[in-house]
Amino acid sequence: MASIHRPLHPLHINTSNYSSLTGAVSRTQCRRSVPTGTLTPSPGRYLKRLDQTIVRFDTVVSAHGTEKGISFDDVKAKNFSRLLHPETPVFQGLGKDTLAFRIMWPGYAHFDWHCTLPTSVGGRPITRAHLAVFIVETYGRFFERIRQAHYVGPCGENGSWVIPRDARQYQLILKSVSNLHGHDAIFQAEIDIVTFM
18 MASIHRPLHP LHINTSNYSS LTGAVSRTQC RRSVPTGTLT PSPGRYLKRL DQTIVRFDTV
78 VSAHGTEKGI SFDDVKAKNF SRLLHPETPV FQGLGKDTLA FRIMWPGYAH FDWHCTLPTS
138 VGGRPITRAH LAVFIVETYG RFFERIRQAH YVGPCGENGS WVIPRDARQY QLILKSVSNL
198 HGHDAIFQAE IDIVTFM
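Residue numbering for the sequence shown follows this note's numbering, starting at 18 and increasing by one per position.
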């Protein structure tokens, strides 16, 4: 006859996802969109008109839904596992090798930042993932320069758009790049800033 070993104290396996420390450890977050400026052509300057174009950076958050945007941290780490259609070519058919790109940040209107974005990489049309990398790198250079600039916010504004030296208390989310903000030859990014409290 075989003997059955029964421990004095039965094992308990906690399968609950609830923790009584959740409220103590988690941080509150506030997500808000960085306003994009309305662009107008300079008098006497001609730029080739382009079709209105928008490239979205939606991500998968669960089996049942998506979220608008990919974090700058994921782009910097080249983690595109949640990005929808990362290898899809974008900007096809625009007939240009580069596109004008401008960053406008509240309180820094005096700091004019513009550059060009490629429409191809290595002879192939730029993909959604490659475009995200270029945008995030461009914002990185912008932030390095703007940290030395003087913040001039609107009257009565509390400085909530100041770019801090230590960026760990917030996260940036790239939602889209488009030419829908008043001037079809110049592209801007739609960015959300998530502040942790």
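Glycine included, every Cβ here is placed at the ideal spot set by N, Cα and C.
Locate the alpha helix (DSSP H) running through residue i, then write down its first and last residues.
i: V150; result: 145–163
i: V92; result: 89–93
In angstroms with no decimal places, state the Cα-to-Cα distance between residue i and residue j.
i: I152; j: T136; result: 12 Å
i: W122; j: G140; result: 33 Å
i: E207; j: V138; result: 23 Å
i: H81; j: H127; result: 44 Å
i: F74; j: F204; result: 15 Å
i: D209; j: R49; result: 5 Å
i: Q46; j: V194; result: 24 Å
i: V72; j: Y168; result: 30 Å
i: S88; j: R145; result: 14 Å
i: D91; j: S98; result: 9 Å
i: N96; j: V150; result: 11 Å
i: N196; j: P52; result: 14 Å
i: L25; j: H147; result: Caution is warranted here: a pLDDT of 48 is assigned to L25, below 50, making its placement in the model unreliable, and the coordinate value is therefore given only provisionally. So the two alpha carbons sit approximately 60 Å from each other.
i: Q109; j: A117; result: 15 Å
i: T113; j: K85; result: Inspection of the sequence shows that residue 113 is occupied by Lys rather than by Thr. Computed Cα separation, rounded: 28 Å.
i: H131; j: V77; result: 31 Å
i: Q165; j: L111; result: 36 Å
i: F213; j: I180; result: 15 Å
i: L101; j: K192; result: 12 Å
i: Y125; j: P142; result: 33 Å
i: F94; j: T115; result: In the sequence under discussion, the amino acid at residue 94 is Ala, which differs from the Phe named in the question. So the two alpha carbons sit approximately 25 Å from each other.
i: D129; j: G170; result: 15 Å
i: S177; j: E154; result: 23 Å
i: L134; j: A202; result: 12 Å
i: G157; j: Q188; result: 13 Å
i: T83; j: T70; result: 21 Å
Between which two residues does the beta strand (DSSP E) carrying residue i extend?
i: F204; result: 203–213
i: G82; result: 82–84
Can you name the residues that DSSP bridges to residue i?
i: Q46; result: F213
i: H115; result: Per the sequence shown, the amino acid found at residue 115 is Thr instead of His. According to DSSP, which records beta bridges pairwise, T115 is partnered with P135.
i: Q109; result: In the DSSP output, where bridge partners are listed per residue, Q109 has none listed.
i: Q188; result: V211
i: L100; result: T76
i: W122; result: Paired residues: none, contrary to the question.
i: S193; result: R73, E207
i: P142; result: S137
i: W130; result: I120
**Request:** Check whether the region 95–106 touches the region 159–169, counting contact only when three or more Cβ pairs, one atom from each stretch, lie closer than 8 Å.
**Result:** no
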